[in-house]
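Trainee: Questions regarding the structure given below will be posed in turn.
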Amino acid sequence: MEQIFTERAHLMCPHMNFGIAMCVDRVFDPGEINSSFDVLAGNHPFLRAVLGYDEKNNRYYYDVTDSSKMELLLFGEPLSGLEDPGLLKEYGRLTGYDWDIRKEGMLKAAAWRSGDNTVFLFVFHHLLADGRGAIQLAQEFVGIYAESRTGKPVSEKLISSAEDLPGDSKMPLISRMLVDKANRDWAKEGNEPLSYQKYHEFADDYVKNDKVKISLKKTSSDELAQKISGCREHQVTVNDLLMAEMYLKDKTDKIIIAKDLRDNLPFYNAGSLGNYSTAFSIVTKKHDSDVWTLAGEVHRKVKKAVSNNKDLYLVLQCYANLNPEVLDAAFMAAKGRFASKSAEFIGKMFFGFGEAKGYSITNLGKIDNKSITGAFFIPPASPAIRKTSGVLTVNGEMIECFCER
């Protein structure tokens, strides 16, 4: 049984859904689609799980059952392709309410005929996977459906305590003092823990009224090749360039980015789901720079952050050291719907839940797959974020997906 530990920050927080859309080079076959998802669920315990709760110890966990808990929708009406507005319309429908994951599974999938191809939409709850795990799972499904592979069963082993994090990643003194104070203040307040049911009722109303606009920007293989050539010349990455473009276009000083930690965590089982990523912010105020000069500065700051475990693991250390009841109440307290000064402080000052004004980019990198004719990544629209970009490059074509308030 895997408990929800650092993932608890994604439990009582709305809009913790994200998507992978892809067009697969195989004709639409409902029977094979169903059986392929059954194979996938057999390989991954979390696809058979709902949210469990140990009331005595106030612990949430992945309650793995004997059967798939994912929802699969097969549509009779075809789509013209990934650009068909029906795809994003369906994504909006599936994410237009707060999933009750005590009863619903953590993955919903839809499939449409598209000429001789099949279009798929995978919608994940963040407790099921991070972005890297999501694209990994989607590719595994493609191998089963389009290439007659079977994959293999994978056991889960997530971060289960602060001891699983590197010894040199402990929080800086000021951050630790603030976390300890929040924990002490919570104890003094004598609050009853926020129940998932009360959160769910509030979150369902919040999500229905919090409108998020989604748009796509495609960069062709030729355009991308030019960008890559420029990046090599200036010794920066494509992600550095995308960040520089966001700083300049949106006049922001800070962008939050994600970093995959799979290679850093010795207990990670290749192919497993769960969350193995962290996030950190990069701050720069040189809005008068040209894009390449700014990309160079971004490159240096990102390199410095990922080489320092205190910076890289800061958000995970916060999750690990905060009283879990404070984490649970942080969002609702920040919105004035739960009376706790300690949880309100954490929600507003640590996580930015007071007002959606942050900017972020999550780049899932590039994949080459002969069975996928196109794909894009729809990032989670965190309530702290004004604009977020999800980036995925498939077979040399890059698509940016923007979620904006």
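Reading the sequence shown from the start, the letters are residues 6 to 410 in my numbering.
C-beta: ideal position from N, C-alpha, C; glycine also.
#1: Enumerated in chain order, which unbroken segments of the beta strand (DSSP E) with a length of 3 residues or greater are wholly contained in the segment 112-190?
#2: What are the residues that DSSP puts in a beta bridge with Asp265?
#3: Assuming the contact rule is C-beta atoms closer than 8 Å, Leu397 and Ile219 should be a hit. Round their C-beta distance to whole Å, please.
#4: Do Phe127 and Leu112 come within 9 Å of each other at the CB atom, strictly closer than that value?
#5: Nearest to Pro271 by alpha carbon, out of Pro171, Ala249, Arg189, Val32?
#6: Residues in the same chain with beta-carbon distance under 6 Å from Lys371, minus the five sequence neighbours each way, listed in chain order, please.
#7: By alpha-carbon positions, which one of Ala46, Met176, Pro83, Ile262 ends up nearest to Glu76?
#8: Compute the Euclidean distance between the alpha carbons of Glu360 and Asp34, then round it to the nearest angstrom.
#9: Terminal residues of the continuous alpha helix (DSSP H) containing Phe207?
#10: Can you grab the Cα-Cα spacing for the pair Ile38 / Pro158, in whole Å?
#11: How far does the beta strand (DSSP E) with Tyr375 in it reach, from first residue to last?
#12: Under the DSSP definition of a beta bridge, which residues are partnered with Tyr324?
#13: Could you tell me the alpha carbon to alpha carbon distance between Ile351 and Asp255, rounded to whole angstroms?
#14: Assuming contact is defined by CB atoms lying nearer than 9 Å, are Val55 and Ile106 in contact in what I supplied?
#15: Fully enclosed by the segment 216-264, which alpha helix (DSSP H) runs are 4 residues long or longer?
#16: With DSSP run on the structure shown, which of helix, strand or coil describes Val288?
#17: Counting only the same chain and skipping the five closest in sequence on each side, list residues whose C-beta sits under 8 Å from that of Ile260.
#18: Is the CB-CB distance between Ile149 and Val44 below 9 Å?
#19: Would you decide whether Glu402 is buried or exposed? Buried here means 16 or more other CB atoms lie within 10 Å of its CB.
Mentor: So, to answer that:
#1: 112-119, 122-130
#2: Ser282
#3: Wrong, their Cβ atoms sit about 14 Å apart, outside the cutoff.
#4: yes
#5: Pro171
#6: Thr398
#7: Ala46
#8: 45 Å
#9: 201-214
#10: 19 Å
#11: A small fix is needed here, since residue 375 is Lys in this sequence, not Tyr. That residue, Lys375, is in no beta strand (DSSP E); it is neither H nor E in DSSP.
#12: According to DSSP, which records beta bridges pairwise, Tyr324 is partnered with nothing at all.
#13: 27 Å
#14: yes
#15: 226-239, 243-255
#16: strand
#17: Met248, Met251, Tyr252, Ser286, Ile287, Tyr364, Ser365, Ile366
#18: yes
#19: buried
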